[in-house]
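Residue numbering for the sequence shown follows our numbering, starting at 1 and increasing by one per position. Ideal Cβ positions, reconstructed from N, Cα and C, are used throughout, including at glycine. Structure record follows, encoded as structure tokens.
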Amino acid sequence: MDIQNVIREQVTSNPVVLYMKGTPQFPMCGFSATAVQILKNLGVTSVFSVNVLENEDIRSGIKEFANWPTIPQLYIKGEFVGGCDIMREMYENGELKTMLAEAGVK
1 MDIQNVIREQ VTSNPVVLYM KGTPQFPMCG FSATAVQILK NLGVTSVFSV
51 NVLENEDIRS GIKEFANWPT IPQLYIKGEF VGGCDIMREM YENGELKTML
101 AEAGVK
């Protein structure tokens, strides 16, 4: 299976997917740490996280998949939401909470 199909499978078979540097327990960059904290603040308890530092194919492939140059990247119910700055903005204005609720994510 090529890397784009692997990524497609990950984002469509898990309600919340976060491609990040490190893990939720040990983020390896400030942006990934912020993304994890936002999800925790919203009460999201189940996140499928992918540490892009462990797989260069995923690291480059996810940027191509979403046509988005940076990591972290958040997906909810298969839909690309954005990176850290977009997550922060959506968190602050309540959009992310609404999106998660509408997707049935807790």
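I'd like the ranges of any beta strand (DSSP E) spanning at least 3 consecutive residues and lying wholly in the region 26-101. 48-51, 73-76, 79-82
Whole angstroms is fine: what's the gap from F31's alpha carbon to L42's? Position 31 of the sequence shown, counted from the start, is the residue given in the question as residue 31. Position 42 of the sequence shown, counted from the start, is the residue given in the question as residue 42. So the two alpha carbons sit approximately 17 Å from each other.
Comparing alpha-carbon positions, which option in Q10, D2, M1, I3 lies nearest F80? Stepping through the sequence shown from its first residue, residue 80 is reached at position 80. The candidate whose alpha carbon is nearest that of F80 is Q10.
Looking at V52: is its Cβ nearer than 7 Å to the Cβ of Y19? Taking the first residue of the sequence shown as 1, we reach residue 52 at position 52. Taking the first residue of the sequence shown as 1, we reach residue 19 at position 19. Closer than 7 Å, so yes.
In angstroms, rounded to a whole number, what distance separates the CA positions of M28 and G78? For the purposes of this step, residue 28 is taken as residue 28 along the sequence shown, with counting starting at 1. For the purposes of this step, residue 78 is taken as residue 78 along the sequence shown, with counting starting at 1. Straight-line Cα distance between these residues: approximately 24 Å.
Check each candidate in G94, I62, A101 and name the one with the smallest Cα separation from D2. Locating residue 2 in the sequence shown gives position 2, where the first residue counts as 1. Considering only alpha carbons, the answer is I62.
Indicate whether T98 and G83 have their beta-carbon atoms separated by less than 7 Å. Working through the sequence shown from its first residue, we reach residue 98 at position 98. Working through the sequence shown from its first residue, we reach residue 83 at position 83. No.
Which of helix, strand or coil does DSSP assign to V16? The residue given as residue 16 occupies position 16 in the sequence shown. V16 falls in the strand class under three-state DSSP.
Would you grab the beta carbon distance between S60 and T23 for me? Rounded to a whole angstrom, and I think it's under 8 Å. On the sequence shown, position 60 is the one that residue 60 refers to. On the sequence shown, position 23 is the one that residue 23 refers to. Their Cβ separation, rounded to whole angstroms, is 20 Å, which puts S60 and T23 out of contact at 8 Å.
Going straight from the alpha carbon of Q4 to that of E54, what length do you get? Residue mapping note: residue 4 aligns to position 4 of the sequence shown, counting from 1. Residue mapping note: residue 54 aligns to position 54 of the sequence shown, counting from 1. For Q4 and E54, the distance between alpha carbons rounds to 17 Å.
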